[in-house]
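A short write-up of the structure that comes next.
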RNA sequence: CGGGGUGUAGCGCAGUCUGGUAGCGCGCCUGGUUUGGGACCAGGAUGCCGUAGGUUCGAAUCCUAUCACCCCGACCA
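Residue numbers (our numbering): 19 to 591.
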């Protein structure tokens, strides 16, 4: 492709709205333009990246035995009403009416449609198992789209759904998809980690997220430095600690004027946050309870929700705290509370601790569980953190990472097939609901994640497999006939050799071309100028290593071809 | 949805407090000189100052409403 005859509108300055590297660089590099909040146009370079990623996804899904389909973006409301999600999916679901006032949604995900398809046409165990996938535009009306492609409202997703006669087979496919995802992300040149995840509203017992490690990631994850255990902090297990012998010193009140936060109290009493306990008043399905975690920890609402079998857990507002503790926020403690007190393992293991006195400007020391208050339950209620001992291998400790979720695999069981009556006739003559799994990959998000992981001060540094082109050919003297001839010739030869080349044939000064080239970030740059041509060489520069080589013109095509071909497949494990 | 902020040329911004005929840099067009890391000179085009209403002789500027966008939080297959 010639730069002169396509649209690559590069910008010297970053648009004011973009903050993170991937967003800034995709706009500056002429890959992407915004149309509305969270809705983007992909320009030629951007769309080529999406196609490159899609191709890798397709190849690996097909290799894994899945079949591609294409489901509608517009879905009748009745299917969503049948699954119950018309009422439960919430405001993220974009709903609208057609001219006959029929209700529709724009699909944020496609369990309903696929289940409807399969239940209509799959009647026998002989037709199973089945894994159907599509690469398609989704729309989720996010409250706050942000960070360009990272969290858009309209985005491209690969979603796959598998159907099985039994759990064992569904789990085999789960593993198959897990392995396939590892191959896909490795081929895309991403450093990633598969982590155990919360199954959320989707339900089921098995779920892994694939997280690309990046500072700008929205998700916090922990990973063991010894074994391969890794999990979203929402999900990560925490190893039980051994209990100390209960303290014997008497409970005593201390004055702590205006010391509300853990930080203020530790400073005032000159103690470590580990000796303090946070008493968090929560509303669990509307009823107040207290949750105790150590002062240096954060409560994990998801764990509380699960442990108490609740639908909803929210932190109580100031007024409720006042009603429950008879004290202003900041002085809550377990002693004398009239609501159930749920105690984190770590707190239960303390000999004694300091907590709020349920009285303004006061805390109590030497609080002992069992003696001074009773626990309604003891469990794992805190967020995992870096430094925790690994619950899996018992030897390692957690390290903390930020991640971008680019894929998610779920074992669904019969969550959708049972209520929607997606049944088949088994070999034993009985009708059974299909056992399902679903598997998603954020195709457009991969593009953003790849840039977050691969950029420098000058621009993007694409890995070869998903770069929009493999080679950026620069003509450094667009008005010198010899240089132009040499470039045209090389351009043709590269194309003939099957090397993907973007040819900057514009009548621009070399400086502009170099800057644009670094910004756009193709893996290899081949530049021909008067000087080089006189020596019969083309200058080749690797974007990543900045290594510069002078290659004889006659050998240039073969040289770059072999170089690119070895990198094209990526580092599939 | 709560808090904060911004809408002025394609992009980045000044001008708004204190009302008086719309500005800068980059980009774009023409001509010339240049040509290995975002050149220089000369000339030029580009705006319903987000939108609607109001105040005023006069509004980018003051008032009211509204829309859009961004950031933080909450939310989230």
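No residue lacks a Cβ here, since even glycine has one placed at the ideal position from N, Cα and C.
For residue 497, the number of other beta carbons within 10 angstroms of its own is below 16, and it is reported as exposed. In the displayed model, residue 67 falls within a helix according to three-state DSSP.
In terms of Cα proximity to residue 586, the closest of 205, 438 and 247 is 205. Taking the C-beta atoms as reference points, residue 241 is found nearer than 9 Å to residue 213.
The continuous alpha helix (DSSP H) containing residue 195 extends over residues 185-205.
Between residue 317 and residue 307, the gap from beta carbon to beta carbon reaches 9 Å or more.
Beta bridge pairing from DSSP links residue 227 with 213 and 426. In this model, residue 153 and residue 446 are separated by some 36 Å (Cα to Cα).
Counted as a single uninterrupted DSSP element, the beta strand (DSSP E) harbouring residue 152 occupies residues 148-157. Counting along the chain, residue 456 sits inside the beta strand (DSSP E) bounded by residues 453-460. Rounded to whole angstroms, residue 197 and residue 559 show a C-alpha spacing of 35 Å.
Residue 63 and residue 85 have their C-alpha atoms some 28 Å from each other. Annotation for residue 477: 43, 47, 536, 537, 538 and 539 place their beta carbon closer than 7 Å to its own, counting only its chain and skipping 5 residues before and after.
Residue 359 and residue 331 have their alpha carbons spaced roughly 14 Å apart.
Under the 10 Å beta carbon count, residue 161 is surrounded by fewer than 16 other beta carbons and is classified as exposed. Inter-residue distance for residue 229 and residue 269 is about 47 Å (C-alpha atoms, whole angstroms). In this structure, the alpha-carbon of residue 185 lies about 11 Å from that of residue 147.
Taken through DSSP and simplified to helix, strand or coil, residue 271 comes out as strand. Looking at 348, 516 and 545, the one whose alpha-carbon comes closest to that of residue 495 is 545. Per DSSP, residue 514 is one residue of the alpha helix (DSSP H) stretching across 499-514. In the structure shown, residue 22 falls within a helical segment according to DSSP collapsed to helix, strand and coil. The Cβ atoms of residue 174 and residue 68 lie closer than 9 Å to each other.
For the beta strand (DSSP E) assignment, the uninterrupted runs of no fewer than 3 residues enclosed by the segment 522-574 are, from N- to C-terminal side, 542-546, 555-560 and 566-570. Taking C-alpha positions only, residue 190 is separated from residue 456 by approximately 13 Å. In the DSSP secondary-structure assignment, residue 449 is bridged to 443. Between residue 237 and residue 422, the CB-CB gap stays under 9 Å.
The beta carbon of residue 513 sits closer than 7 Å to those of 519, all from its chain and outside the five residues before and after it, given in chain order. In the DSSP assignment, residue 182 falls within the unbroken beta strand (DSSP E) covering 172-182. Contiguous alpha helix (DSSP H) elements confined to the segment 353-388 occur at 363-366, taking only those with 4 or more residues. For the pair of segments examined, the segment 432-446 was found to touch the segment 123-141: the number of CB pairs separated by less than 8 Å reaches three.
In the DSSP assignment, residue 397 falls within the unbroken beta strand (DSSP E) covering 395-397. In the three-state DSSP reduction, residue 39 falls in the helix class (H, G or I). In the three-state DSSP reduction, residue 237 falls in the strand class (E or B).
Per DSSP, residue 297 is one residue of the beta strand (DSSP E) stretching across 295-302. Here residue 475 is exposed. Its C-beta has fewer than 16 other C-beta atoms within 10 Å. For residue 92, the uninterrupted beta strand (DSSP E) run begins and ends at 92-94, by DSSP.
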